[in-house]
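Below: the structure, in structure tokens.
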Amino acid sequence: MKYAALIAAAAILMIAPALAQRAGNSAPQPVAAAPALPAPRDIAYPGVLTLEIDATDLDRRIFGIRQTIPVSKAGRLTLLYSEWIPGNHAPRGPIYNYSGLRFTSGGKPLTWSRDPADVYAFHVDVPPGAKAIEVEAQFLSAIESAQGPVMMTPEMLRLNWYIGALYPAGHYARKVNFDVSVKLPPGWDYATALETASAAGGFVRFKTASWETVIDSPLFAGKHMRKFDLDPGGRSRVTLNVMGDEPGQVDPSPEIIQVHRNLIVQSDKLFGARHFDHYDFLVSVSERLATSGIEHQRSSNNGVRSGYFTAWTTGFVSKDLLAHEYVHSWNGKYRRPAELWTPNFNVPMRAGLLWVYEGQTQYWGHVLAARAGFVSKQQALDLIANNAAMYQARTGREWRPLADTTLDPVIAARRSLPWHNWQRSEDYYSEGQLIWMDVDTLIRERSGGKRSLDDFAKAFFGVNDGDWGTLTYTRKDLVTALSKVEPYDWEAFFARRVDQVAPQAPLDGLERGGYRLVYGDTPNAVWRDQEARTRTANLLYSIGLSADSAGKITYVQWDGPAFKAKLNTSLTITGVNGQPYSPDRLRAAVAASINQPVDLLIRYLDEFRTIRIDYSGGHRYPRLERIAGKPAYIDDILAAR
């Protein structure tokens, strides 16, 4: 015992210096936070700001910027670069390309600094006696897609005014007025929801509008642009403005234009009101300009690849895009979740109701595309089948509720994800579409076919004809409005499907609507067209992967056969069952898997190995099968009004 006590005492003596040293370690305290930025107030900013954009530097893709900002007193002025851009649902204002910033007043340079806590805020010292400050800058748009979305090519450009403007903090965006103008390349035409004040010599000036309206009114301009009246003699102008890489890409047939006119008719019948004084579809058909799909109150920003018009009957290129963005004029822009409306574009948005804002818009966009004739009834059914299969196989629903995916625009920022099926990013769009089909068919079933989601659309979105402001709503408002159409515990309905982890996909609407999801050995027409257009072998529901024409694996289903064989998207398939790879050979191997294994020669960098896929089920392609004796509610939903 005496020896043990000596050992313990020695140990204490050895530890004591370390404890003393630890007790004296540096322990900093935080410095005082930077002063808060002025909170937005619903009061007018004195004077009108000007913004001039020079969009003629096509070779270097540079937008030149000049601004004049009136001031009424000396001292510190805080200016903001828009951060939370409507439609992006995330803080992605492209400030990283806003460069060459200079402030002057009366020709003299002014001192400025960026806020240390908010990089989207700039502080300028306004000198005594100054009536205005001038701003010069450039927006250095992407030259190639690796740098971001391409906004300018030698044939066309897409101008979002927020890329070049600063606006004063402390005010609602609707209380800050702007005069904006643009200098365009010679001979180019343009389109925007803004109203033109003057146009001469390539300079276009627009009538004074609030920053809220300006930021919601992008401009398209191009060398090859055509315009089509979609509502001849209608109560408000609706125009299809299309620009292309070459004239042949923007020469639609009268039959195609009629389909676009049908969209206006069907939307009027659905909603019964318009929330715009005029509307401009802005469409680029290009292999060079970035694709896009952004909603606005009186316009929409749509970018599609070549073939939108020229491959109308043989391909499937963004056929529901325009319908989706048009619906947003009602759902998202006019009727907007209260937490998604903010007083200016630097106050964070909260996206908890995106399964309504985007999910129901996805539903109506698909329905209206069918009713207007963008897609045939069979194509619409194929699209539903493909969507239902995707969410039936969505393994991420085992851990993640749909509501949590509404935060993905911030969390994932629309990156390419390594295991999308498990991560389940932004599923509020197309899983939301299935939920709203569930709602629609449930209303029809409970009411004996007397009422439907069409009645809700007219009652909820079709109020106040001609009002193109913003009417916000809460989840409680949504549930109350649905209950007036069909009494039911809608709150519990949404809680199960949206708020809680739901291992089963929301496919009740399919069977209630008269169809069931089945799998067969032949791809449906839409699946086949998409494979042909993308030159891929899409085998997600059999061996659990897709691969492009060169064998590069583009997608692997989490926990599927390819996943269990430890394949991933860094690998390339170079051989199939002893023969060189081709998409057709891979499809043939899957078809023959009932009788023989699928062996793949896989390359990673300079290494090769043979992988056997443990699968023997042949092809599994989704399609919808009619249920005998059930009301065909889905047929009714897709039929033109």
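If you count by the working numbering, then the sequence shown holds residues 168 to 808, one letter each, in order. Cβ atoms here follow ideal geometry from the backbone N, Cα and C, with glycine treated the same way. Because the structure is a prediction, the values reported are computed rather than measured.
Inclusion of Lys-350 and Thr-223 in the CB contact set at 8 Å is warranted, their separation being smaller than that value. When DSSP states are grouped into helix, strand and coil, Glu-525 belongs to the coil group. DSSP places Gly-369 in the coil class of the three-state scheme, outside both helix and strand. A straight line joining the alpha-carbon of Asp-226 with that of Tyr-800 spans about 54 Å. Within the stretch 435-468, the complete beta strand (DSSP E) segments of 3 residues or longer fall at 445-452 and 459-462, listed in chain order. For the pair Ser-619 and His-495, the Cα-to-Cα distance works out to about 20 Å.
With a contact defined as Cβ atoms closer than 8 Å, Thr-217 and Gln-234 qualify at about 6 Å. No alpha helix (DSSP H) of 4 residues or more sits fully in the stretch 237-276.
Between Gly-681 and Asp-802, the CB-CB gap stays under 8 Å. Within the same chain, Cβ atoms closer than 6 Å to the Cβ of Leu-507 are found at Met-516, the five residues on either side in sequence being excluded. Just so you know, the alpha carbons of Leu-805 and Ala-560 end up roughly 25 Å apart. Around the beta carbon of Lys-342, 16 or more other beta carbons sit within 10 angstroms, so the residue counts as buried. For the 8 Å CB-CB criterion, Ser-713 and Ala-704 form a contact. In the three-state scheme derived from DSSP, where H, G and I count as helix and E and B as strand, Phe-345 is classed as strand. The DSSP-derived three-state label of Gly-599 is helix. For Asn-705, DSSP records a beta bridge to Ser-713. In the DSSP annotation of this structure, the continuous segment of the alpha helix (DSSP H) that includes Gln-546 starts and ends at 544-559. A direct Cα-to-Cα measurement between Tyr-263 and Tyr-248 gives close to 11 Å.
By the criterion of a C-beta distance shorter than 8 Å, Thr-509 is surrounded in its chain by Trp-251, Pro-515 and Met-516, once the five residues flanking it on both sides are discounted. Annotation for Ala-580: Ala-257 and Arg-259 place their beta carbon closer than 8 Å to its own, counting only its chain and skipping 5 residues before and after. For Lys-394, the enclosing beta strand (DSSP E) starts and ends at 392-396. Three or more beta-carbon pairs separated by less than 8 Å link the stretch 309-322 to the stretch 455-467, which places the two stretches in contact. C-alpha of Pro-207 to C-alpha of Tyr-788: approximately 53 Å in a straight line.
Counted as a single uninterrupted DSSP element, the beta strand (DSSP E) harbouring Phe-306 occupies residues 299-307.
For Asn-511, there is no enclosing alpha helix (DSSP H), as DSSP gives it neither H nor E. The distance from the Cβ of Ala-659 to that of Pro-568 is about 15 Å, inconsistent with a contact at the 8 Å cut-off.
CA-CA distance, Val-409 to Val-452, rounds to 7 Å. Exposure of Ser-783 is indicated by the presence of fewer than 16 other C-beta atoms within 10 angstroms of its C-beta. Collapsing the DSSP output to three states places Leu-684 in a strand. At a Cβ-Cβ threshold of 8 Å, Gln-529 and Gln-600 count as neighbours. By the neighbour-count criterion, in which 16 or more other beta carbons inside 10 Å mark a residue as buried, Phe-623 falls on the buried side. Put simply, the backbone Cα of Thr-359 is about 19 Å away from that of Ile-232. At least 8 Å separates the beta-carbon of Thr-639 from that of Ala-440. With a threshold of 16 other beta carbon atoms within 10 Å, Phe-775 falls short and is exposed. In this structure the stretch 425-436 touches the stretch 397-413; the number of beta carbon pairs closer than 8 Å is three or more.
Per DSSP, Asn-762 lies in no alpha helix (DSSP H) segment and is marked neither H nor E.
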